[in-house]
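Report on the structure given below.
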Amino acid sequence: MGLLKKAAVLAGLAAAAEGLGTAYFYRRTMIRTNAKPERSAKMSGIDWSQYYPRMHENRDWLLQQPHEEVGILSHDGLKLHGTYFPGPGNKVVICFHGYTSYGMGEYPSLARCFMSRGFGALIIDQRSHGESEGKYIGFGCMDRLDALEWIRWTVDKVGQDAQIILHGGSMGGATVCMVSGLDLPPQVKGIISDSAFTSPKYVFTHVLHSMYHLPATPMIPLADKVNKRLAGYGLDDCNAAREVRKAKVPMLFIHGSKDTFVPPYMYDELYENCAAPKTKLIVEGAGHVESYYKNTQEYEEALDKFIGGIIK
16 MGLLKKAAVL AGLAAAAEGL GTAYFYRRTM IRTNAKPERS AKMSGIDWSQ
66 YYPRMHENRD WLLQQPHEEV GILSHDGLKL HGTYFPGPGN KVVICFHGYT
116 SYGMGEYPSL ARCFMSRGFG ALIIDQRSHG ESEGKYIGFG CMDRLDALEW
166 IRWTVDKVGQ DAQIILHGGS MGGATVCMVS GLDLPPQVKG IISDSAFTSP
216 KYVFTHVLHS MYHLPATPMI PLADKVNKRL AGYGLDDCNA AREVRKAKVP
266 MLFIHGSKDT FVPPYMYDEL YENCAAPKTK LIVEGAGHVE SYYKNTQEYE
316 EALDKFIGGI IK
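Using our numbering, you'd call the opening residue of the sequence shown number 16 and step up by one each time.
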């Protein structure tokens, strides 16, 4: 075999390997059936079992409260699911969970926290998670449009005098940051973002570097093209750090100082870019979305101060 032919064969093999690697990466991270919660929990680097007794106690308490299963249709025809716990008045928190999780798996503790402060809680399953339909995970890009539908549902349910807080963790935090750049109803009084990333492009680049010691190129650019073709948007088309430049409602940004999954520099970028009135909390020693459990008192004090300034 001549040198040119050998070079062509090697180039073809390399291209095939890159394509297979990208396909494997894409299937495992962006398609619902292959994105496993246990893998995400492992990547966070946190021993969540230490918090299980408290989580289970809060979930049991929550399920004993009056509630109803609710559903809406997304703008593109997906059936989306949520669980609504009514409060005594017009205050409601809408909760957006993280990547590969689901609402009632992640939010019972924080929902109980808000309900003890007189809020109702709408705990939703983001598209392609839990009982909500969808094949491709939205990473906040499509979920921000779903959030508008959930806000409308809440206003219809509670009334025009509703006072709504949006709370999101990890991917849910990115969702609520991306929502902040939209034209929101006046009933949305504030947004709380916990452990949000700036965009899927940059968080996956970080994960490839830090956990797998792999370069972002060519995998991320190729996955970006695949996602544009299949899901309709690129991995940086919806960037939370850009969206918060258009934010108008007050925002609270929370992050753990030891977050290795979503590095704190993303938190800094989100906070610095935010155009709305803003406050922040860094919880020392907390990993990814661990802040509430790591220092509950500090977290709740930050919530009370933030809520007290925007809710009547």
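We put the beta carbon where it would ideally sit given N, CA and C, even for glycine.
When we look at the beta-carbon of residue i and count the other beta-carbons within 10 Å, is it buried (16 or more) or exposed?
i    : result
E316 : exposed
G174 : exposed
E121 : buried
G113 : buried
R244 : exposed
E83  : exposed
R69  : exposed
G323 : exposed
Y205 : One point to set straight first is that residue 205 is Gly, not Tyr, in the sequence displayed. So G205 counts as buried.
Y314 : buried
Q65  : exposed
D140 : buried
Y342 : Nothing can be reported for residue 342, as the shown portion of the chain is limited to 16 through 327.
F321 : buried
D329 : No answer is possible for residue 329: the residues shown for the chain start at 16 and end at 327.
S147 : buried
M226 : exposed
So, with DSSP's three-state summary, where would you put residue i?
i    : result
S208 : strand
M157 : coil
Q134 : The sequence shown places Phe at residue 134, rather than the Gln named in the question. Looking at F134 - three-state DSSP - the assignment turns out to be coil, as it is neither helix nor strand.
Y151 : strand
T220 : helix
L181 : strand
I61  : coil
G203 : Looking at the sequence itself, residue 203 is Val, so the reference to Gly does not match. Strand, per DSSP.
V46  : Reading off the sequence, residue 46 comes out as Ile, not Val. The answer is strand: DSSP assigns I46 an E or B state.
S214 : coil
I2   : Because the chain here runs from 16 to 327, residue 2 falls outside it and cannot be looked at.
P123 : helix
E258 : helix
Y307 : helix
C128 : helix
I166 : helix
Y39  : Any reading at Y39 must be qualified, since the residue scores a pLDDT of 47, below 50, and its modelled position is unreliable; the value itself is stated next. Three-state result, Y39: helix.
Y114 : coil
L229 : coil
D251 : coil
Excluding the 5 residues flanking residue i on each side, which residues of the same chain have their C-beta closer than 6 Å to its C-beta?
i    : result
M281 : F212 and T213
I269 : D209, L296 and S306
Y248 : C156
I87  : L95, E164 and W168
N310 : V298
G188 : S208, D209, S210 and A211
A246 : Y151
M266 : I206, C289, A291 and K293
H90  : L160
H182 : V108, C110 and I207
Can you list, in chain order, the residues of its chain whose CB lies under 8 Å from that of residue i, leaving out five sequence neighbours each side?
i    : result
V286 : The sequence given here places Tyr at residue 286; Val does not occur at that position. Excluding residues within five positions, the ones whose Cβ falls inside 8 Å are F268, K293 and K295.
P230 : L223 and H224
So residue i is in the beta strand (DSSP E); what residue range does that whole segment cover?
i    : result
Y99  : K94 to F100
C110 : K106 to F111
E83  : E83 to L88
L267 : M266 to G271
For the ligand GTP, is there any heavy atom lying closer than 6 Å to the beta carbon of residue i?
i    : result
F212 : Judged by which ligands are present, the structure shown has none, so any question about the ligand GTP falls away.
Answer with yes or no whether the minimum CB distance from residue i to chain B is below 7 Å.
i    : result
I138 : Among the chains in the structure shown there is no chain B, since it carries only a single protein chain.
Which residues mark the beginning and the end of the alpha helix (DSSP H) in which residue i is found?
i    : result
H71  : Y67 to L78
L318 : T311 to G323
T294 : Looking at the DSSP string, T294 is not in any alpha helix (DSSP H); the run it does join, the beta strand (DSSP E), is K293 to V298.
G140 : The sequence as given places Asp at residue 140; Gly does not occur at that position. Premise fails: D140 is in no alpha helix (DSSP H) and is neither H nor E.
P279 : P279 to N288
T376 : As shown, the chain starts at 16 and ends at 327. That puts residue 376 outside it, with no answer to give.
Quick one: residues in its chain with C-beta nearer than 7 Å to the C-beta of residue i, no 5 flanking neighbours on either side, listed in chain order?
i    : result
G300 : S272, K273 and K309
I179 : V107, I109, I166, T169, Q202, V203 and K204
G3   : The chain is shown from 16 up to 327; residue 3 falls before or after that span and cannot be answered.
G145 : H96, Y117 and G118
A22  : Here A22 scores only 36 on pLDDT, less than 50, and its place in the model is too uncertain to base an answer on.
Quick test of your reading: residue i and residue j, contact by CB under 8 Å. State the CB separation rounded to the nearest angstrom.
i    : j    : result
C128 : G118 : Contact doesn't hold; Cβ gap of about 15 Å is too wide.
V259 : C289 : 4 Å
A291 : S195 : 7 Å
F154 : P236 : No, F154 and P236 are not in contact; Cβ-Cβ is about 17 Å, not under 8 Å.
R159 : L197 : 6 Å
G133 : P103 : 6 Å
G302 : S124 : That pair is no contact at about 16 Å.
M186 : C253 : Wrong, their Cβ atoms sit about 12 Å apart, outside the cutoff.
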